[in-house]
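full-length UniProt numbering puts the first residue of the sequence shown at 1, with every later residue one more than the last. Backbone N, C-alpha and C fix where the C-beta goes; we use that ideal spot for every residue, glycine too.
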Amino acid sequence: MVLWYQDDRLVDRDSGRVSVVTNIGNVTTSTLKVAGAALHDSGNYSCWPSAGRPDSVIVHVIQGDPPAAMHHGNSATWVTTMLLVPAASLFTLLLILLT
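Okay, structure coming up:
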């Protein structure tokens, strides 16, 4: 099991905007997706696996148009993906913010 925190608060998985997918194996991965990311979603995100070291990443949500390199085709939606692979950790933290 992996618990996710934004700053010092447990992320509310029941909010309807948040989904978490965790795969446990030789390497544990946990993906946190936040739909419709807004400025208040900025902060220090931490994942705490039940077995292993916790790790964190600071996320900044910026309003406005995404850079041209972030556009995917003609779609009006875009995805910001942040990937943190700690060298001493046994898991990969993948945080995807969907706006």
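CB of residue i within 7 angstroms of CB of residue j, strictly
i, j, result
"P54", "S46", "yes"
"T31", "P49", "no"
"V61", "A37", "yes"
"S56", "K33", "no"
With 16 other Cβ atoms within 10 Å as the buried cut-off, status of residue i
i, result
"V21", "exposed"
"Q6", "buried"
"G16", "exposed"
Extent of the continuous beta strand (DSSP E) to which residue i belongs
i, result
"A35", "28 to 35"
"G43", "43 to 49"
"D55", "55 to 59"
"Q6", "2 to 6"
"S19", "18 to 23"
CA nearest to the CA of residue i, picked from the options
i, options, result
"N23", "Q63, I58, M1", "M1"
"Q63", "L10, R9, H40", "H40"
"A51", "L10, D8, R9, G25", "G25"
Other residues of its chain near residue i: CB distance less than 6 angstroms, five sequence neighbours each side excluded
i, result
"L3", "W48"
Spatial neighbours of residue i in its chain, beta-carbon cut-off 8 angstroms, leaving aside the 5 residues before and after
i, result
"D12", "V18"
Close beta carbons around residue i, own chain, < 7 angstroms, minus the five adjacent residues each side
i, result
"D14", "none"
"L10", "L3"
"N44", "D7, S56, I58"
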